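2 protein chains.
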Amino acid sequence: MKYKEPTQPTKRANYALLNRKGKLSMKSNKNDRRSQRTRQLLTNALVELMLEKSYESITVQDIIDRANVGRSTFYAHYLDKEDLLTSQFEEAGRHLGEEFSDGDSALFLTLRVFQHTRENYRLYKALVWGRGIEIVFKALEAHLNAHLEAEFKQKLGERPSPIPLPVVTHYITGAFLTLLKWWLDNNMPVTPEDMDRYFRQLTIPSVEGLLDIKFK
Amino acid sequence: MKYKEPTQPTKRANYALLNRKGKLSMKSNKNDRRSQRTRQLLTNALVELMLEKSYESITVQDIIDRANVGRSTFYAHYLDKEDLLTSQFEEAGRHLGEEFSDGDSALFLTLRVFQHTRENYRLYKALVWGRGIEIVFKALEAHLNAHLEAEFKQKLGERPSPIPLPVVTHYITGAFLTLLKWWLDNNMPVTPEDMDRYFRQLTIPSVEGLLDIKFK
DNA sequence: TTCATTACCGAACATTTTGTTCAGCAAGTA
DNA sequence: TACTTGCTGAACAAAATGTTCGGTAATGAA
Chain A
1 MKYKEPTQPT KRANYALLNR KGKLSMKSNK NDRRSQRTRQ LLTNALVELM
51 LEKSYESITV QDIIDRANVG RSTFYAHYLD KEDLLTSQFE EAGRHLGEEF
101 SDGDSALFLT LRVFQHTREN YRLYKALVWG RGIEIVFKAL EAHLNAHLEA
151 EFKQKLGERP SPIPLPVVTH YITGAFLTLL KWWLDNNMPV TPEDMDRYFR
201 QLTIPSVEGL LDIKFK
Chain B
1001 MKYKEPTQPT KRANYALLNR KGKLSMKSNK NDRRSQRTRQ LLTNALVELM
1051 LEKSYESITV QDIIDRANVG RSTFYAHYLD KEDLLTSQFE EAGRHLGEEF
1101 SDGDSALFLT LRVFQHTREN YRLYKALVWG RGIEIVFKAL EAHLNAHLEA
1151 EFKQKLGERP SPIPLPVVTH YITGAFLTLL KWWLDNNMPV TPEDMDRYFR
1201 QLTIPSVEGL LDIKFK
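Read top to bottom, the protein sequences are chains A and B. Heads up: the first sequence begins at 1 in the working numbering, then just goes up one per residue. Heads up: the second sequence begins at 1001 in the working numbering, then just goes up one per residue.
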């Protein structure tokens, strides 16, 4: 979709700073109140739409219609639909990561995530529906896996692990996110506290036995 | 993309039998050797392409170029890119489901999947890369969850479960598929047998303790 | 082998979506 | 108040999607 050579190098061309394929990053923008408002409108629109239909079938036109924002404005902020999605949910992933990291044991912070999920039901629902969950997963995965692995290493001390630690951490994060997804899909049939208890009952005995460590 | 009224109702119009949005199903085709060959070419092309780039960025044009098949031929077989993907991988999901179902305990058949994965490395890699894994997951999920739940019920006998069985089954399938994905992403650093052992070591103690049942 | 069937090809075409440009306007900032 | 910067909206190029159809050739059955 290359365009013809622009007649004149436009003056206010801090628009794009990107190589489309390399996906270097999003566009530059100030913290102007207008910019913030626009971004908010766009992300809200995307979340709303993701509650209604699949991510794939949402067009940029849908988004800007819903957000009531000009077409060029969209492209002034984001490279494309994908960029909007990731920059939105990467943030969510970071938030979640922080929730995990400021406690003593990552395994004891899952409750917070369940609770946080309940409080932000709409966002998470959209997230699970579309492909958002994968992006958050990625953002969260590194964080959570690293944290868990460090924790296990510390608890193991000098002893070697009878099982590769990444296997354990991926097992745990995968199971956790799957349960979270199930819980949302079924409209949260039990309390966050119950979900957390179930998760830990399913996880801790095996892990403690296998690595010969104790939690809490 | 409605088209203008066709001048004449075309004679050979067994092309489409679908409501595009309702996604009723794919198009009708005989088991003509030519049809089979075309489908094979198209699915092979898709798998190849998914090994090279993201599913999203693959166009119908890419596929038919790679498969060396006419544009109209593609649309004679499939509704769109999505349809090709699903009809291909739903089949794979069913195969996997059968692998699971013809043994005594579903939990003891994971080894077969790990082995099967290793033997069909390219297919599974493409599957994990693109969105294929979700589709297989869906196809497999119902099968596996139902199977596990029935097994648990039978083992429990009259006793009530201290935890909703869907929670257990989703936990297990989620953890399993995540491990499978990790294993592939890291180019299978350990043997299928090891992976299976790890998985069972992480799963069985907790489940046996929680439900007070025994496997094997 | 013959013959009717049916899938394929390929090009033309309508339609939709994407991404870019720019001049004028208006909201925000200092 | 100025002046800086983001927004609008329309126009446009490019690309991808999906449909049509006449001609060709592979297929399977008699």
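Using N, Cα and C, we set each Cβ at its ideal position, and we do this for glycine too. Remember, it's a predicted structure, so these values are computed and weren't measured experimentally.
Task: Rounded separation between residue 1124(B) and residue 1173(B) - CA only - done: 17 angstroms
TODO: Taking all protein chains shown into account, decide if residue 51(A) is buried (16 or more other Cβ within 10 angstroms of its Cβ) or exposed.
DONE: exposed
Task: Cβ contact check for the segment 1192 to 1199 of chain B and the segment 185 to 198 of chain A: 3 or more pairs under 8 angstroms - done: no
Task: Where residue 1203(B) meets chain A, residues with beta-carbon distance less than 8 angstroms - done: 206
- [ ] Run down chain A in chain order and give the residues with a C-beta less than 7 angstroms from the C-beta of residue 1170(B).
- [x] 178, 179, 182
- [ ] Rank 1180(B), 1055(B), 1047(B), 1035(B) by C-alpha distance to the C-alpha of residue 1118(B) and give the top, closest one.
- [x] 1180(B)
- [ ] May I have the straight-line CA-CA distance separating residue 80(A) from residue 138(A), to the nearest angstrom?
- [x] 20 angstroms
Open item on the list: For a test of the three-state rule: what should DSSP assign to residue 59(A), helix, strand or coil?
Closed with: coil
Task: Residue environment, residue 88(A), which counts as buried when at least 16 other CB atoms sit within 10 Å - done: buried
Open item on the list: Quick check on the burial criterion: 16 or more other C-beta atoms within 10 angstroms. Buried or exposed for residue 1142(B)?
Closed with: exposed
Task: Host alpha helix (DSSP H) of residue 178(A) (start-end) - done: 165 to 185
Task: Proximity test, Cβ basis, 7 angstroms: residue 1157(B) and chain A - done: no
Task: Span of the alpha helix (DSSP H), counted from its first residue to its last, around residue 161(A) - done: Taken as a continuous stretch (DSSP letters only), residue 161(A) belongs to no alpha helix (DSSP H), as it is neither H nor E.
Open item on the list: I want to verify the contact list: residues of chain A whose CB lies under 9 angstroms from the CB of residue 1146(B), in sequence order.
Closed with: What residue 1146(B) touches in chain A: nothing, since even the nearest Cβ is about 14 angstroms away.
Task: Buried or exposed (CB count within 10 angstroms, at least 16 for buried), residue 1078(B) - done: buried
TODO: Would you tell me roughly how many angstroms separate the C-alpha atoms of residue 133(A) and residue 116(A), rounded to the nearest one?
DONE: 15 angstroms
Open item on the list: Determine whether the beta carbon atoms of residue 1205(B) and residue 209(A) lie at a separation below 7 angstroms.
Closed with: yes
Open item on the list: Nearest by alpha-carbon distance to residue 36(A): which of 92(A), 59(A), 54(A), 73(A) is it?
Closed with: 73(A)
- [ ] Could you confirm whether any beta carbon from chain A is found closer than 7 angstroms to the beta carbon of residue 1174(B)?
- [x] yes
Task: Sequence-distant residues of its chain with Cβ nearer than 6 angstroms to residue 1075(B) (five each side left out) - done: none
TODO: Using a Cβ-Cβ cut-off of less than 8 angstroms, give me the residues of the segment 1059 to 1087 of chain B that come near chain A, in sequence order.
DONE: 1082
TODO: Tell me whether the beta-carbon of residue 1169(B) lies closer than 7 angstroms to the beta-carbon of residue 1148(B).
DONE: yes
Task: Chain-ordered chain B contacts of residue 135(A) [CB-CB under 9 angstroms] - done: The premise fails here: residue 135(A) is roughly 13 angstroms from chain B at the closest Cβ pair, so nothing lies under 9 angstroms.
- [ ] Measure the alpha-carbon distance for residue 1167(B) versus residue 1069(B) and round it to whole angstroms.
- [x] 46 angstroms
Task: Cutoff 7 angstroms: residue 1213(B) Cβ touching any chain A Cβ - done: no
Open item on the list: Using beta carbons (cut-off 7 angstroms, strictly below), is residue 46(A) in contact with chain B?
Closed with: no
Open item on the list: For residue 157(A) and residue 151(A), I'd like the C-alpha separation in whole angstroms.
Closed with: 10 angstroms
Task: Classification of residue 121(A) by the beta-carbon crowding that lies within 10 angstroms, buried from 16 upward - done: exposed
TODO: Measure from the C-beta of residue 210(A) to each C-beta in chain B and report whether the shortest distance is under 7 angstroms.
DONE: yes
Task: Span separating the alpha-carbon of residue 175(A) from that of residue 1178(B) - done: 8 angstroms
TODO: Output yes if chain B places a C-beta closer than 7 angstroms to the C-beta of residue 121(A); else output no.
DONE: no
Open item on the list: Check this for me: beta carbons of residue 135(A) and residue 59(A), under 7 angstroms apart or not?
Closed with: no
- [ ] Check residue 1109(B) in the structure and name its three-state DSSP category.
- [x] coil
Open item on the list: Closest to residue 1183(B) by C-alpha separation, out of 188(A), 186(A), 165(A), would be which residue?
Closed with: 165(A)
TODO: Please name the residue in 1213(B), 1200(B), 1083(B), 1049(B) whose C-alpha comes closest to that of residue 1065(B).
DONE: 1049(B)
Open item on the list: Would you say residue 198(A) lies against chain B (beta-carbon separation less than 7 angstroms)?
Closed with: yes
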